[in-house]
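Same order as they appear, the protein sequences are chains S and Y. Quick note, the first sequence lines up with residues 6 to 660 if you use the numbering used here. Quick note, the second sequence lines up with residues 244 to 347 if you use the numbering used here. Just below is one structure, and these are the notes that go with it.
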Amino acid sequence: MSNYLYILWIPLLPLATFVVLGLFGRKYFAKTAGIIGTASLLTSTLLSFVAAKQYFFVDGKVNGVYQRIIALKYTWLQFSPNVSIDMGVIVDPISVMMLIVVTSVSLMVHVFSLGYMKGEERFATYYAFLSLFTFSMLGLILSVNIFQVYMFWELVGVSSFLLIGYYFNKPSAVAASKKAFIVTRFADLGFLIGILIIGFYGGSLDIGLLIEKFTSVQSPEFISITTASFLGASMLTWGLVLIFMGGAGKSAMFPLHIWLPDAMEGPTPVSALIHAATMVVAGVYLVARLFPVFSMDEAALTIVTYVGAFSALLAAVIACTQTDIKRVLAYSTMSQIGYMMFALGISKNGGESGLGFMASMFHLFTHAFFKSLLFLGAGSVIHMVHSNEMKDMGGLRKLMPITHAAFLIACLAIAGIPPFAGFFSKEEILTAAFHENKLIYGVALFTAALTSFYMFRLYFNIFWSKEAAAKAHHHDAHSQHNDTHDHGEGTWTMKLPLLILAACAVGVGFIPFSQFITSDGAAIETHIDMVFSIAPVALSIIAILLSASFYKSHNAKSDKAVAFFGGFYRAAYKKFYVDELYLFITKKIVFPLIGQPIAWADRNIVDGFMLLLANTTAKISTAIKGLQSGKVQNYALYFFGGVLALSVLFIYIWK
Amino acid sequence: MNEIPLTHILFVSTALFFIGMYGLFTRRNIITMLMSIELMLNSVNINFVAFNKYLFPDKLDGLFFSLFIITIAAAEAAVAIAIIINLYRSHQSIDVDDATEMKF
């Protein structure tokens with residue numbers, strides 16, 4: 006077994022960049038911060054590819070099965086001989102795949118930001134935050150210990166918070182960053198409790214050890230955790246569901262999804278990196294990392310399945326109604342992550358029945374590329390139009406040919422049209438769903454059609470729909486910012502990532518993924534069944550045509566559709582009032598019924614006790630302060646009086 | 244020859260002590276108060292010497308103790324006089340009733 010220690014450099018380089026740029030960036034590297042960040046990340050990316058090549062093609066396989074290799078393990082906090090928090094580097098198929106995804110998407114975003122963020126006042130800070138995020142995400146991926154996961158999990162949350170609130174002088178961005186932080190923190194509370202439950206019964210926090218213990222039905226740990234039950238469910242279910250709650254918070258699964266659309270207040274490249282390709286799949290990765298344990302518990306997997314499927318459907322419906330292009334993309338992200346989740350949920354561990362696991366990871370992989378491409382494309386469009394609203398766009402295909410082509414490719418990929426990447430991964434998911442659960446299959450199929458519809462609604466609204474474009478021109482002619490069409494598509498640093506990602510969105514589907522990444526490490530055979538593919542592809546094409554007839558040129562059909570759906574449309578437009586529901590729960594129930602009594606108790610009981618102590622002390626001191634008169638002779642009198650009293654005490658009383 | 248009994252000497256020392264105490268409480272002049280304290284110290288010295296002579300005539304502990312007390316009293320007087328000089332410089336008075344700033 007060869008040495009994988011150099012993988013340590015992959016997260017450490019961004020950390021170094023963060024420290025250097027964070028401390029000295031604004032003063033010394035105000036202009037060069039982007040180059041420094043990009044160069045260090047380029048090194049990380051190259052190292053990741055070296056690691057992937059070494060692992061997948063040279064020595065990762067033993068007897069045809071990819072091994073889990075612990076490249077480094079450093080015990081950081083030892084609680085007892087078995088329980089410790091370790092820092093380490095794990096090398097297995099999913100972590101290596103995630104290394105590739107995170108570093109390459111992050112690199113593309115770094116390059117794109119060189120153009121997009123040019124001239125920002127806090128340019129260096131921006132790159133420092135990006136580096137911090139990349140470091141945390143890579144650390145999360147490489148964690149050997151579930152507590153290490155938790156620490157990096159929080160770091161990821163913090164860097165996401167910092168980046169969403171990057172434009173901190175914009176109140177909506179501040180609100181969005183707070184919302185994201187609070188919602189994910191709330192979810193992480195569940196995650197922490199889940200870790201404690203699993204760690205308590207498993208007697209360890211080491212992921213490998215936990216998997217080993219909980220996957221053998223005879224082990225005392227497994228027996229104790231499954232026999233202990235609380236509110237009718239075994240502790241294993243509770244632990245896993247709570248861990249999944251953490252994952253659902255980060256991955257924006259219903260009902261913890263409310264932060265993701267608002268998170269679009271951050272700079273667009275950040276949305277591409279964090280809220281599309283990497284951080285939001287952390288939840289999927291977490292479930293996949295603990296998948297052998299999840300697969301031992303039917304109930305937890307069922308919850309994962311239905312939460313995933315419901316989120317996929319809900320988000321797709323909402324996405325059809327939104328007009329802010331980044332919000333559409335945010336809901337589409339949520340929908341695709343729902344896909345990954347339920348694919349995990351319906352999967353079983355090992356062998357051919359682990360198709361769902363493999364499909365989920367495959368979809369994660371392809372989704373990262375085409376979704377970041379969509380976001381960067383949207384970023385390019387926003388950079389040009391200076392607006393997020395669809396109505397300000399239109400007819401841009403002539404003005405931005407490269408963005409147009411890249412965006413079209415990404416839309417086709419997400420719609421699942423062969424031979425683009427999304428087709429292959431979505432087919433695997435649908436196949437797995439078809440074999441395991443027909444209801445989920447139906448939901449998935451319908452969601453796939455909706456996905457095609459809203460993605461092409463977005464596409465046609467941005468790049469076609471001539472009249473809107475004329476309006477935009479007209480609008481620009483009168484606005485003071487008449488530079489809209491002057492800087493074209495932006496610098497080559499903005500075009501290059503689009504081209505690279507577009508190539509990925511076309512090409513990565515052809516990777517024989519099932520040879521590399523499966524639930525148990527052994528390759529499984531998958532094949533694309535032409536007959537099976539007819540239904541989803543046909544549905545997607547119909548949805549695209551429908552979308553084209555609605556939005557390719559401005560006409561009344563879409564208004565008629567809106568009128569037809571009426572109340573349902575309005576509900577979807579308002580995101581099914583989930584935000585309002587949360588506001589209702591917090592403002593009308595939590596604050597008056599829990600918050601105010603606690604505030605009262607704090608003010609009157611806790612503070613009251615302290616005030617009582619302070620007041621009593623003050624009163625006594627006022628009463629006796631006359632003793633300290635400043636007159637020396639009085640003090641002498643007290644002294645002799647005291648001596649006299651003590652003499653009397655010791656001579657006559659206390660004999 | 245009739246020896247003076249111990250009680251006589253103790254009576255003198257007690258008288259000296261209370262004369263010193265009376266001076267300490269009634270006088271307002273710090274130097275006089277210092278002198279009163281010296282009286283009290285000396286009454287203690289007399290006690291030490293007397294007890295040493297009458298109770299443990301073959302030992303010298305009491306004598307040494309009174310020597311120590313004389314030494315310390317000298318040092319104490321030096322410090323006290325220095326303080327008094329400073330007090331006079333800041334207050335233009337060595338009356339204790341004028342130096343009552345150190346209070347609540």
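Where a beta carbon is used, it is the ideal one built from N, C-alpha and C, also for glycine. Since the structure is predicted, the reported quantities are computational estimates derived from the model, not experimental observations.
Against chain S, a Cβ distance below 9 Å from Thr343 (chain Y) picks out Ser634, Gly635, Lys636, Val637. The three-state reading of DSSP puts Gly65 (chain S) in coil, since its state is none of H, G, I, E or B.
A check of alpha carbon separations from Val161 (chain S) across S:Pro176, S:Tyr171, S:Leu143 identifies S:Leu143 as the nearest. When secondary structure is reduced to three states using DSSP, Phe235 (chain S) falls in the strand class. In chain order, Phe268 make up the part of chain Y whose C-beta sits under 8 Å from the C-beta of Leu642 (chain S). Inclusion of Thr408 (chain S) and Gly382 (chain S) in the CB contact set at 8 Å is warranted, their separation being smaller than that value. With a 10 Å radius around the Cβ and a threshold of 16 neighbouring Cβ atoms, Tyr79 (chain S) comes out exposed. Counting C-beta atoms within 10 angstroms of its own C-beta, Met102 (chain S) has 16 or more neighbours from the protein chains shown and is therefore classed as buried. Its chain contains Gly199, Ile203, Leu295, Val298, Phe299, Asp302, Ala305 as the residues whose beta carbon lies nearer than 8 Å to that of Leu245 (chain S), once the 5 sequence neighbours on both sides are disregarded; these appear in chain order. With a threshold of 16 other beta carbon atoms within 10 Å, Val94 (chain S) meets it and is buried. Between Glu270 (chain S) and Ala181 (chain S), the C-beta gap is smaller than 8 Å, which places the two residues in contact. Between Val255 (chain Y) and chain S, the shortest Cβ-Cβ separation is not below 8 Å. By the Cβ-count criterion, Asp267 (chain S) is buried, with 16 or more other Cβ atoms from all chains shown falling within 10 Å of its own Cβ. Out of S:Ala281, S:Glu357, S:Thr220, the CA that lies nearest to the CA of Ile529 (chain S) is found in S:Glu357. Between Phe157 (chain S) and Leu145 (chain S), the beta carbon gap of about 4 Å places them in contact (Cβ cut-off 8 Å). Interface criterion met: the Cβ of Met264 (chain Y) is under 8 Å from a Cβ in chain S.
Apart from sequence neighbours up to five positions away, the residues of its chain that approach Tyr336 (chain S) with a beta-carbon distance below 6 Å are Ala320, Ile323, Ala324, ordered along the chain. In this chain, the beta strand (DSSP E) harbouring Gln83 (chain S) covers 74-83.
Under DSSP, Asp91 (chain S) takes part in a beta bridge, and its partners are S:Thr80. One thing to note: Val285 (chain S) has its Cβ no nearer than 8 Å to the Cβ of Leu369 (chain S).
Here Val536 (chain S) is not bridged, per DSSP, to any residue. For the region 620-631 of chain S, residues whose beta-carbon sits nearer than 8 Å to a beta-carbon of chain Y comprise Lys630, Gly631.
Apart from the 5 residues on each side of it in sequence, Phe173 (chain S) sits with its Cβ closer than 7 Å to the Cβ of Val179 in its chain, given in chain order. Taking a 10 Å sphere around the C-beta of Gln335 (chain Y), we find fewer than 16 other C-beta atoms and assign the residue as exposed. Residue state for Ala527 (chain S) is assigned as strand, using DSSP reduced to three classes. Within the region 280-309 of chain Y, contact with chain S at the beta-carbon level (separation under 7 Å) is assigned to no residue.
Within its own chain, the residues whose Cβ lies closer than 6 Å to the Cβ of Met398 (chain S), once the five positions on either side in sequence are excluded, are Val390, Ile467, listed in chain order. Taking a C-beta distance under 8 Å as the contact criterion, Thr50 (chain S) and Ser109 (chain S) qualify as a contact pair.
The beta carbons of Val188 (chain S) and Phe249 (chain S) sit no closer together than 8 Å. C-alpha of Phe140 (chain S) to C-alpha of Leu147 (chain S): approximately 11 Å in a straight line. Against chain Y, the beta carbon of Phe34 (chain S) has no neighbour under 8 Å; the closest one sits roughly 59 Å away. Here the alpha carbon of Phe367 (chain S) sits roughly 5 Å from the alpha carbon of Ser430 (chain S). Phe645 (chain S) belongs to the set of residues whose beta carbon lies under 8 Å from a beta carbon in chain Y.
Nearest neighbour of Glu281 (chain Y) by Cα position, chosen from Y:Glu344, Y:Gly266, Y:Arg271, turns out to be Y:Gly266. Residue pairing by DSSP places Asp338 (chain Y) opposite Y:Asn272 in a beta bridge. Of the residues assessed, Pro98 (chain S) falls on the buried side of the cut-off, its CB having 16 or more other CB atoms within 10 angstroms.
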